[in-house]
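Chains R and L, in that order, give the protein sequences. According to our numbering, the residues represented by the first sequence are 1 to 481, in order. According to our numbering, the residues represented by the second sequence are 482 to 962, in order. Even glycine gets a Cβ: it sits at the ideal position worked out from N, Cα and C.
There are 2 protein chains.
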Amino acid sequence: MPNLDLTLLTDFYQLTMMQGYQHHHKADEVVVFDMFYRMNPSGSSFSIAAGLEQVADYIENLRFSEDDLTYLASLATFHEGFLDLLRNFRFSGDLYAVPEGSVVFPNEPILKVVAPICEAQLVETAILNIINHQSLIATKAARVKWAAEQDTVLEFGLRRAQGPDAGIYGARAAVIGGCGATSNVLAGKMFDIPVRGTHAHSWVMSFPSELDAFRAYADMYPDGCLLLVDTYDTLRSGVPNAIRVFDEMRAKGLPLVRYGIRLDSGDLAYLSKKARILLDEAGYKDAIISASSDLDEYLITDLKLQGAKITMWGVGTNLITSRDWPAFGGVYKLAATWDGNRYLPKMKISENPEKVTNPGNKRLLRIYDKRTGKIKADLIALWDEAYDEGRPLELFDPLNTWKRMHLAPHTYTIRDMHIPVFKDGRRVYHAPATQEIKHYCERELATLWDESRRLVNPQTVFVDLSEPLYNLKMDLIGRME
Amino acid sequence: MPNLDLTLLTDFYQLTMMQGYQHHHKADEVVVFDMFYRMNPSGSSFSIAAGLEQVADYIENLRFSEDDLTYLASLATFHEGFLDLLRNFRFSGDLYAVPEGSVVFPNEPILKVVAPICEAQLVETAILNIINHQSLIATKAARVKWAAEQDTVLEFGLRRAQGPDAGIYGARAAVIGGCGATSNVLAGKMFDIPVRGTHAHSWVMSFPSELDAFRAYADMYPDGCLLLVDTYDTLRSGVPNAIRVFDEMRAKGLPLVRYGIRLDSGDLAYLSKKARILLDEAGYKDAIISASSDLDEYLITDLKLQGAKITMWGVGTNLITSRDWPAFGGVYKLAATWDGNRYLPKMKISENPEKVTNPGNKRLLRIYDKRTGKIKADLIALWDEAYDEGRPLELFDPLNTWKRMHLAPHTYTIRDMHIPVFKDGRRVYHAPATQEIKHYCERELATLWDESRRLVNPQTVFVDLSEPLYNLKMDLIGRME
């Protein structure tokens, strides 16, 4: 697997369009593109934005190598003048985005590029790829962690991830969204996040007996001794052998810390309750019972409802692929062009009404209830609108405009959700440590009402348009018909 | 995004087990691990194996850097003696696998590692990650291509893929499975596969009018001029404007080759039929109608049943994520240990009967009907069993042993499906070009009966155990009870 420069990680049509813009002397025309998405994954009422650090790294390192240019020249599509443009290509624009780990909602601009059209177009595909992927997994992790309540969730999905990056950046996103650690050693190294794991069935099978295997493991790792008990027969062999080994450790005077068993097959509710009784009777009331086996937020909820005695959840396939909703449908749409004096709003009309975009250069504001700190609504406004928390604020639903919310002065706070990432091509964003992003995400999740965190059919959070933006949109729709 | 060395792309427990094996003087014990899977994706009767080239590259480049060792030392789990083992780590074993692009079936060993246990264990996670991902996407692509019949299928999913690698290696796998090209430029460069694409809605929106945008595009790209017609109104604006531009090209005497329109929203059956009439009436009977919009094998089948006039299909999200079945559940299980004289069979018993593994060092044979060249069955045998096409062959179903198939001498051929990839740590496999693998895959698919290629509820292909392997398995089960 070669070392990868991601400059060519783009759709071919970005390059054919770029050459067309150059040919028509439009390459330097400044435009505004928004990234937004239309539906939250898995029926959630919110998503967690993630991937900004990798987007910033990608843009900072954009360079067409001579090797890239030789390849492009071989395609018999591009002229020398365009290859020269690529040879000198640097991102010179602005990029704004919500901080990583933020709670976000459909249709709002979670990232905005203001740049010459050639640059804005080239970066579309990689931005979408990176943010779509990490936001998907971070959102799924937040759901799994919500189901697990106070229990630890471990990310165990590398072997089922859609390629190496899906495992690596998926582990990062899973930790941001709520996982306590990952099994992925490379992700642990790259992002300084905790790694965990003990042993597999092959360990047990490579010894003459399960008891020998458990003894050997405990001998090597008296701390953090979690024994996998389902290789042969969980209740008749695995748990009794584990208890025998714990007895031997106790007899040797070893302190039993972070020890216990892992279940990886069979009925986890039944087996965990039976195993709990056996462990408790043997005096191991603090032994951990961890489980892994096709877990997701729904099965964890159901197992807890049935009284399963599991306090640590290893979640693999269903988290790392977001199995029930494996694509975050983020899109990147032209919103405005700059004519030298002002932004001319642009809008895509669609046969599907929910696909009509929001025109203009915009800002994203979040309105909090001052007393509780919970989110009242998000407000998409034009970039030059001003708001004042000392004045009353009226919000209305852009589809059902009779639905209105009146906020009295000083009862709410307004937050500008966009932070600058690039200004005039210079990176001005320094990514926080992944663990810091994780803690920020926890605080973000606390700004949602529990009604909006419910896994099934949660309460929608309002995303409103400002009056000027709403009027602009209606005006443009009217003129197009 | 840093350049990646994948040596640490493994689960933490592989390293804790490796240290354990070293501690217990078992590090050099030679073992046999099989990779196999239990269910085909998306209800298919078969899968396409893919990813072997990347597995071989990964194993060939396995080296723990000092940076890796410093990181591992920081985890307070590993001793200096073990870090020394890693410092000198090289893969010294054998690896066999079915060639990339092969048709494969559940429960058969599609890859086999024979190596010292420490080595065999370390490589488990990355092997599974790579083969699971690429086999998943190649299989999905074969299904989509089957639905599209003689039409071209283009892979357009990069922006929705689960991270950069999912887009890059997913494009490779999609081409192996049946796609004619990809939009992914980096994949095009890396694997020498065709890239395609024309323009997006933003191209149209950045010009004063749709007609201006189409003219500008046609001016630049008179060859391969595929115009996206749904930015404003497909039938009232897009198609008429496209026809006007084709008229202008014709008036200029330009040869119209590989030209036409692309539909990206709305009802594709209705719009394509209406557009076909408009194009035909204007004299553009050879204009291509391509479509993209949430396509998969089921929708393509249904659109064709409704007489949609589409002959080129751009497939994105549903292919690159295998949306309805986003994880290929390949596993990697210990099958035997070598005691210096012979292979001792190993087997994992499970509470789930279909999870009981096949013990022993095995070979994978494929039985073809000599006359038709179609697959009769696959046969999993022990490595030292000999077969002779000049003798009668009796096959039986390992679950329903009364189901037997008798093959007369010289009516069948036997193929050994495993090719050597590493021998004594030396790579002996040179990967064919991706396009060659694609052509091999086409020939492989032709060895299936149409009844087994059907998208819904296809006929199962038999995977049988040899008599000696069956008896060994029953014997081991009997001894464990």
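Query - Amino acids of chain L, ordered along the chain, whose beta-carbon sits closer than 9 Å to that of Ser202 of chain R - result: Counting from 1 along the first sequence, the entry for residue 202 of chain R is found at position 202. Those are Met498, Val512, Phe514, Ile598, Ala601, Gln602, Glu605, Tyr813, Lys814, Leu815, Lys827 and Lys829, listed as they occur along chain L.
Query raised in the report: What does Asn588 of chain L touch in chain R if you count any residue whose Cβ is under 7 Å from its own?
Result: For the purposes of this step, residue 588 of chain L is taken as the residue at position 107 of the second sequence. Residues of chain R whose Cβ lies closer than 7 Å to the Cβ of Asn588 of chain L do not exist; the shortest such Cβ separation is about 17 Å.
Query raised in the report: At a CB-CB cut-off below 9 Å, which residues of chain R make contact with Lys733 of chain L?
Result: Within the second sequence, the letter at position 252 stands for residue 733 of chain L. Contact annotation for Lys733 of chain L against chain R: no contact, minimum CB-CB distance about 17 Å [criterion: below 9 Å].
Query raised in the report: Between Thr663 of chain L and Leu490 of chain L, which are expected to be in contact by the criterion C-beta below 8 Å, what is the C-beta distance as a whole number of angstroms?
Result: For the purposes of this step, residue 663 of chain L is identified with residue 182 of the second sequence, where counting begins at 1. For the purposes of this step, residue 490 of chain L is identified with residue 9 of the second sequence, where counting begins at 1. Not a contact, Cβ separation roughly 24 Å.
Requested in this report: Less than 8 Å between the CB atoms is what I'm expecting for Ser292 of chain R and Gly316 of chain R, so what's the real figure, rounded?
Outcome: Here the question's residue 292 of chain R lines up with position 292 in the first sequence. Here the question's residue 316 of chain R lines up with position 316 in the first sequence. At roughly 6 Å, the Cβ-Cβ gap stays under 8 Å, so Ser292 of chain R and Gly316 of chain R are in contact.
Requested in this report: Tell me, please, whether the segment 47-66 of chain R touches the segment 339-346 of chain R by the rule of three or more beta-carbon pairs shorter than 8 Å.
Outcome: No, the segment 47-66 of chain R does not touch the segment 339-346 of chain R.
Query raised in the report: Since Lys355 of chain R meets chain L, which of its residues come closer than 9 Å, beta carbon to beta carbon?
Result: Taking the first residue of the first sequence as position 1, residue 355 of chain R is located at position 355. Simply Ser746.
Query raised in the report: Arg908 of chain L by DSSP, collapsed to three states: which one?
Result: Against the second sequence, residue 908 of chain L aligns to sequence position 427. Three-state result, Arg908 of chain L: strand.
Query raised in the report: Alpha carbon to alpha carbon, how far is Asp475 of chain R from Leu399 of chain R?
Result: What you label residue 475 of chain R is simply residue 475 of the first sequence in a count that begins at 1. What you label residue 399 of chain R is simply residue 399 of the first sequence in a count that begins at 1. Cα to Cα, the separation comes out at about 15 Å.
Query - Cα-Cα separation between His23 of chain R and Thr139 of chain R, rounded to whole angstroms - result: Counted from its first residue, the first sequence places residue 23 of chain R at position 23. Counted from its first residue, the first sequence places residue 139 of chain R at position 139. Each residue's Cα considered, the two are about 42 Å apart.
Query raised in the report: Can you tell me whether DSSP reads Thr125 of chain R as helix, strand or coil?
Result: Within the first sequence, numbered from 1, the residue matching residue 125 of chain R stands at position 125. In the displayed model, Thr125 of chain R falls within a helix according to three-state DSSP.
Query - Chain-ordered chain R contacts of Thr798 of chain L [CB-CB under 8 Å] - result: As a position in the second sequence, residue 798 of chain L is number 317, starting the count at 1. Ordered by position in chain R, the residues that pass the 8 Å Cβ test against Thr798 of chain L are Ala327 and Gly329.
Query raised in the report: On the three-state DSSP scale, how would you describe Thr633 of chain L?
Result: Reading the second sequence from its first residue, position 152 is the one you call residue 633 of chain L. Taken through DSSP and simplified to helix, strand or coil, Thr633 of chain L comes out as strand.
Report task. Classify Ala596 of chain L as helix, strand or coil using the three-state DSSP reduction. Result -> Here residue 596 of chain L refers to the residue found at position 115 of the second sequence. In this structure, Ala596 of chain L counts as strand in the three-state DSSP scheme.
Query raised in the report: Just checking, does the segment 887-897 of chain L make contact with the segment 864-874 of chain L on the three C-beta pairs under 8 Å criterion?
Result: A contact between stretches requires three or more CB pairs, one per stretch, nearer than 8 Å, and the segment 887-897 of chain L meets this requirement with the segment 864-874 of chain L.
Requested in this report: Ignore the nearest five residues each way along the sequence and tell me which others in Leu576 of chain L's own chain have a CB closer than 6 Å to its CB.
Outcome: Here residue 576 of chain L refers to the residue found at position 95 when the second sequence is read from its first residue. So the list reads Val594, Val902 and Phe903, once near-sequence residues are dropped.
**Report entry** Residues within the segment 34-60 of chain R neighbouring chain L, beta-carbon criterion of under 8 Å
**Finding:** Listed by position, the residues of the segment 34-60 of chain R near chain L (Cβ gap below 8 Å) are Gln54, Asp57 and Tyr58.
Query raised in the report: What are the partner residues of Thr663 of chain L, as DSSP defines its beta bridges?
Result: Counting from one through the second sequence, the residue named residue 663 of chain L turns up at place 182. According to DSSP, Thr663 of chain L bridges with L:Glu636 and L:Val676.
Report task. Could you say which of L:Lys855, L:Ile918 and L:Arg844 lies nearest to Pro949 of chain L if we only look at CA atoms? Result -> Taking the second sequence and counting its residues from 1, one reaches residue 949 of chain L at position 468. The shortest C-alpha separation from Pro949 of chain L is found at L:Arg844.
Report task. Determine, using beta-carbon pairs with one atom in the segment 255-275 of chain R and one in the segment 301-309 of chain R, whether at least three such pairs fall under 8 Å. Result -> Contact holds: three or more Cβ-Cβ distances are below 8 Å.
Requested in this report: Say whether chain L places a C-beta atom closer than 9 Å to the C-beta of Thr434 of chain R.
Outcome: Counted from its first residue, the first sequence places residue 434 of chain R at position 434. Answer no: the Cβ-Cβ gap between Thr434 of chain R and chain L never drops below 9 Å.
Requested in this report: Take Asp11 of chain R and list the residues in its own chain whose beta-carbon comes closer than 7 Å to its own, dropping the five residues that flank it on each side.
Outcome: One-based indexing of the first sequence puts residue 11 of chain R at position 11. If we look at Asp11 of chain R and ignore the five residues flanking it on each side, its Cβ neighbours are Thr125.
Query raised in the report: Taking 9 Å as the CB-CB limit, is Val104 of chain R close to chain L?
Result: The residue you call residue 104 of chain R lines up with position 104 of the first sequence. With 9 Å as the cut-off, Val104 of chain R does not count as an interface residue toward chain L.
Report task. Just list the alpha helix (DSSP H) runs in the segment 393-477 of chain R, keeping only unbroken ones of 4 residues or longer that don't cross its boundaries, in chain order. Result -> Runs of the alpha helix (DSSP H) inside the segment 393-477 of chain R: 434-445 and 450-453.
Query raised in the report: Taking contact to mean at least 3 C-beta pairs separated by less than 8 Å, is the segment 560-571 of chain L in contact with the segment 104-123 of chain R?
Result: Counting C-beta pairs with one atom in each stretch, the segment 560-571 of chain L and the segment 104-123 of chain R have fewer than three that are closer than 8 Å, which means they do not touch.
Requested in this report: Could you pull the start and end residues of the beta strand (DSSP E) that Ser292 of chain R belongs to?
Outcome: As a first step, residue 292 of chain R is located in the first sequence; it is residue number 292 there, counting from the start. Following the DSSP letters along the chain, one finds Ser292 of chain R inside the beta strand (DSSP E) bounded by residues Ile288 to Ser292.
Query raised in the report: Looking only at its own chain, which residues have a Cβ that is under 8 Å from the Cβ of Thr915 of chain L, when we skip the five neighbours before and after it?
Result: Sequence index remark: in the second sequence, residue 915 of chain L carries index 434 (1-based). Only Arg653, Val656, Ile657, Phe672, Asp673 and Ile674 meet the Cβ criterion.
Query - Bounding residues of the beta strand (DSSP E) (the contiguous stretch that carries Val315 of chain R) - result: Counted from its first residue, the first sequence places residue 315 of chain R at position 315. Segment Met312 to Val315, the beta strand (DSSP E) holding Val315 of chain R.
Query raised in the report: Does Arg90 of chain R get closer than 9 Å to chain L when you measure Cβ to Cβ?
Result: Against the first sequence, residue 90 of chain R aligns to sequence position 90. Contact with chain L is absent for Arg90 of chain R, since none of that chain's Cβ atoms lies less than 9 Å from the residue's Cβ.
Query raised in the report: Per the contact definition of three or more C-beta pairs closer than 8 Å, is the segment 67-82 of chain R in contact with the segment 150-164 of chain R?
Result: Taking 8 Å as the limit for Cβ pairs, the verdict is that the segment 67-82 of chain R does not touch the segment 150-164 of chain R.
**Report entry** Pair within 9 Å by beta-carbon distance, Gly811 of chain L and Phe586 of chain L
**Finding:** The residue labelled residue 811 of chain L in the question sits at position 330 within the second sequence. The residue labelled residue 586 of chain L in the question sits at position 105 within the second sequence. For Gly811 of chain L and Phe586 of chain L, no; Cβs fall outside 9 Å.
Query raised in the report: Counting along the chain, where does the beta strand (DSSP E) carrying Lys362 of chain R start and finish?
Result: To locate residue 362 of chain R, count along the first sequence from 1; it is residue 362. Per DSSP, Lys362 of chain R belongs to the beta strand (DSSP E) from Lys362 to Asp369.
Query raised in the report: Would a C-beta distance cut-off of 9 Å place Val204 of chain R and Tyr221 of chain R closer than the cut-off?
Result: Translated into the one-based positions of the first sequence, residue 204 of chain R becomes position 204. Translated into the one-based positions of the first sequence, residue 221 of chain R becomes position 221. Remark: C-beta atoms of Val204 of chain R and Tyr221 of chain R do not approach each other more closely than 9 Å.
**Report entry** Met35 of chain R - DSSP class collapsed to helix/strand/coil
**Finding:** Here the question's residue 35 of chain R lines up with position 35 in the first sequence. If DSSP states are grouped into helix, strand and coil, Met35 of chain R belongs with the strands.
Query raised in the report: Do Glu60 of chain R and Glu100 of chain R have their C-beta atoms closer together than 9 Å?
Result: As a position in the first sequence, residue 60 of chain R is number 60, starting the count at 1. As a position in the first sequence, residue 100 of chain R is number 100, starting the count at 1. The Cβ atoms of Glu60 of chain R and Glu100 of chain R lie no closer than 9 Å to each other.
Query - Those residues which DSSP pairs with Trp806 of chain L across a bridge - result: As a position in the second sequence, residue 806 of chain L is number 325, starting the count at 1. When beta bridges are read from the DSSP output, Trp806 of chain L appears opposite no residue.
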